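Residue numbers (numbering that gives the first Met the number 0), protein chains in the order written: chain A, 0 to 281; chain B, 0 to 104.
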Amino acid sequence: MRYLLRWSLLPLLILATFSSPAQDRIFNYTYQSLVLGKGQRELEVWNTFRWGRSEYFRAFDNRIEFEVGLGSRLQTAFYLNIGTASVKQLSYESTASGTGQPVPVSTWSLGTETEVSFSNEWKYKIADPVADAVGLALYGEYTVSAKGIELEPRVILDKSYGAAIVAFNAAGEFEFEKQLEQDGTEQTATESGLELTLAGSWELARGVHLGAEIVNRNGFEEGTLLHSVLFGGPTIAYAQQDFWINLTILPQLVALKGATENGLELDIYERLETRLLFSYAF
Amino acid sequence: MRSNTLRSLLIVLLAWLAGCVPSLYMPSVQDAAPGTSLEELLRGREEYIQQCGSCHSLYIPGRFRESEWRSALDSMQPRAHIDDTAKARILHYILTGRAKDAPRD
Numbered sequence: 000m001r002y003l004l005r006w007s008l009l010p011l012l013i014l015a016t017f018s019s020p021a022q023d024r025i026f027n028y029t030y031q032s033l034v035l036g037k038g039q040r041e042l043e044v045w046n047t048f049r050w051g052r053s054e055y056f057r058a059f060d061n062r063i064e065f066e067v068g069l070g071s072r073l074q075t076a077f078y079l080n081i082g083t084a085s086v087k088q089l090s091y092e093s094t095a096s097g098t099g100q101p102v103p104v105s106t107w108s109l110g111t112e113t114e115v116s117f118s119n120e121w122k123y124k125i126a127d128p129v130a131d132a133v134g135l136a137l138y139g140e141y142t143v144s145a146k147g148i149e150l151e152p153r154v155i156l157d158k159s160y161g162a163a164i165v166a167f168n169a170a171g172e173f174e175f176e177k178q179l180e181q182d183g184t185e186q187t188a189t190e191s192g193l194e195l196t197l198a199g200s201w202e203l204a205r206g207v208h209l210g211a212e213i214v215n216r217n218g219f220e221e222g223t224l225l226h227s228v229l230f231g232g233p234t235i236a237y238a239q240q241d242f243w244i245n246l247t248i249l250p251q252l253v254a255l256k257g258a259t260e261n262g263l264e265l266d267i268y269e270r271l272e273t274r275l276l277f278s279y280a281f
Numbered sequence: 000m001r002s003n004t005l006r007s008l009l010i011v012l013l014a015w016l017a018g019c020v021p022s023l024y025m026p027s028v029q030d031a032a033p034g035t036s037l038e039e040l041l042r043g044r045e046e047y048i049q050q051c052g053s054c055h056s057l058y059i060p061g062r063f064r065e066s067e068w069r070s071a072l073d074s075m076q077p078r079a080h081i082d083d084t085a086k087a088r089i090l091h092y093i094l095t096g097r098a099k100d101a102p103r104d
């Protein structure tokens, strides 16, 4: 058994010793200013699992991203997004009464909704986190779905201190979505948000980073802040020559505004979300 | 509570930005050894940023051992089309900086 274990671990040890990690991203929610070199390509698979609201709620968000470097400072990426959410919902059925007239009866059930969309991002690196005083990049992403469009401008700041990396993002979210009024008329609903993220990480061993991320999500309606929620949790990243994998566990810490239950906001946000990112460079 | 939290976050962020200097070693006159000028070290730094940083993230010189840097430059030279003179300048800059970066090995 010991012989078998030794020989099965040997290839991993050799890989860990001699490979130079290609990892350019060590956080899952906080972006870094680095971009892929010209012609470099990466395929990233995102898996985000969210659950725990006041009523039953579970959601699974998947993104398949194809990322390509266009120059020493510019990169673009294309995403296919598939999101599924199951929620507790009240449905009405008609049954015949003693008078022969249909009577509405309400029943609880689990409703599942799936949404497919497409996104395109552009990132431009202005300053490098190692060569310059602070890394700086501007980022823009748009998403198109059957219901509407979403825009996400983002400012990225980061700093590398050798083994330690710190990053901060400020991102706006503007959503324009078609909705139907009760009388059947179409309307475009607008939602806006602001997301601030802060992350820090330490390289424990070559290609292994351990850190933490804090995410502050704010929702607005007509310029008024409706809710503000703080998430925070550990993040771990592992990279080898051609691939990297990141995992973040992000519980909701506190609702700064709009708390609904024990200091948390559980009508719109979840108690916990986890994100796993896997990337392969080719 | 919200405004206080955001204000604190902003203050921390500004303090962090104000205290930032490049992590990448910047050569000084004292680092120029006999036969190597400060200009050559600075040129090596610039070439390291341009040639290496255009394809992947930059590493501070203290991150790798001397043997690892030599081996990395040998393997990267043909891929990045770096000529022998530039390679020598980059290596000299890195090894000079490595001595100052408190190597982690």
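The beta carbon of each residue, even a glycine, is placed where N, CA and C say it ideally should be. Model, not experiment: these values are computed from the prediction.
Roughly how many angstroms separate the alpha carbons of residue i and residue j, rounded to a whole number?
i, j, result
"A/Gly257", "A/Leu225", "7 Å"
"A/Arg72", "B/Ala71", "23 Å"
"A/Thr273", "A/Arg57", "12 Å"
"B/Thr93", "B/Gln29", "It should be pointed out that residue 93 of chain B corresponds to Ile in this sequence rather than to Thr. The alpha-carbon atoms of B/Ile93 and B/Gln29 are separated by roughly 16 Å."
"A/Thr106", "A/Ser90", "5 Å"
"A/Pro10", "B/Pro26", "Confidence at A/Pro10 is low in this model, with a pLDDT of 43, below 50, so the placement of that residue should be treated as unreliable; the coordinate-derived value is given next. Cα to Cα, A/Pro10 sits roughly 40 Å from B/Pro26."
"A/Gly206", "B/His55", "15 Å"
"A/Pro20", "A/Ala238", "In this predicted model, A/Pro20 has a pLDDT of only 44, less than 50, meaning its place in the structure is not dependable; the value taken from the coordinates is given anyway. Spanning the two alpha carbons is a distance of roughly 5 Å."
"A/Ala162", "B/Pro60", "12 Å"
"A/Glu54", "A/Glu92", "21 Å"
"A/Ser200", "A/Val104", "54 Å"
"A/Thr83", "A/Gly51", "15 Å"
"A/Ser118", "A/Thr75", "11 Å"
"B/Gly43", "A/Phe173", "45 Å"
"A/Ala211", "B/Ser36", "43 Å"
"A/Ile267", "A/Ser85", "14 Å"
"B/Arg88", "B/Glu67", "17 Å"
"B/Thr95", "A/Asp131", "19 Å"
"A/Gly262", "A/Val133", "36 Å"
"A/Ala166", "A/Gly183", "46 Å"
"A/Phe242", "B/Leu16", "32 Å"
"A/Glu151", "B/Ala79", "34 Å"
"A/His208", "A/Leu135", "21 Å"
"A/Asn46", "A/Tyr28", "12 Å"
"A/Trp6", "A/Gln240", "The pLDDT assigned to A/Trp6 is 45, lower than 50, so where the model puts this residue is not dependable; a value taken from the coordinates is nonetheless given after this. Distance between the alpha carbons of A/Trp6 and A/Gln240: 22 Å."
"B/Leu13", "A/Ser144", "38 Å"
"A/Ile155", "A/Val129", "15 Å"
"A/Ile81", "A/Asp60", "6 Å"
"A/Arg49", "B/Ser74", "44 Å"
"A/Gly171", "B/Asp100", "38 Å"
"A/Tyr138", "A/Tyr123", "6 Å"
"B/Gln49", "B/Arg6", "38 Å"
Would you mind telling me which residues of chain B sit closer than 8 Å to residue i, beta carbon to beta carbon, in chain order?
i, result
"A/Leu33", "Ser56"
"A/Gly36", "Ser53, Cys54 and His55"
"A/Gln74", "Near A/Gln74 there are no residues of chain B at all, since even the closest Cβ is about 12 Å away, more than 8 Å."
Which chain A residues sit within Cβ distance under 7 Å of residue i?
i, result
"B/Glu22", "Before going on, a small fix: residue 22 of chain B reads as Ser here, not Glu. Chain A residues near B/Ser22: Val129, Ser159, Tyr160 and Gly161."
"B/Thr4", "Leu255"
Counting only beta-carbon atoms, is residue i nearer than 8 Å to chain D?
i, result
"B/Gly61", "Absent here is chain D; the protein component of the structure consists of chains A and B."
Could you tell me which residues DSSP pairs with residue i in its beta bridges?
i, result
"A/Trp121", "A/Thr75 and A/Gly139"
"A/Val207", "A/Ala204 and A/Tyr237"
"A/Glu41", "A/Glu66 and A/Ala280"
"A/Val154", "A/Leu137 and A/Ala169"
"A/Thr259", "Answer is none; A/Thr259 lacks a bridge partner."
"A/Ile213", "A/Leu197 and A/Gly231"
"A/Glu272", "A/Arg49 and A/Leu249"
"A/Thr187", "A/Lys177"
"B/Thr35", "According to DSSP, B/Thr35 bridges with nothing at all."
"A/Phe242", "A/Tyr279"
"A/Glu149", "A/Thr142 and A/Glu174"
"A/Arg57", "A/Trp50 and A/Ser85"
Run through chain B and tell me which residues come within less than 7 Å of residue i, C-beta to C-beta.
i, result
"A/Ala132", "Cys19, Val20 and Pro21"
Residues of chain B with a CB under 9 Å from the CB of residue i: which are they?
i, result
"A/Ser71", "Gln49, Gly52, Ser53 and Cys54"
"A/Gln39", "Cys54 and His55"
Closer than 9 Å, Cβ to Cβ, to anything on chain A: give me those residues from the stretch 44-57 of chain B, in chain order. Arg44, Tyr47, Ile48, Gln49, Gly52, Ser53, Cys54, His55, Ser56 and Leu57
The stretch 7-18 of chain B: which residues have C-beta closer than 8 Å to a C-beta of chain A, in chain order? Leu8, Leu12, Trp15 and Leu16
Output the residue ranges of the beta strand (DSSP E) runs that lie fully inside the stretch 60-117 of chain A and measure 3 residues or longer, sorted by chain position. 73-95
Between the stretch 163-190 of chain A and chain B, which residues of the former have a C-beta closer than 8 Å to a C-beta of the latter? Val165 and Phe167
Which ranges would you report for the alpha helix (DSSP H) in the stretch 30-104 of chain B if only whole runs of at least 4 residues count? 37-46, 65-79 and 83-99
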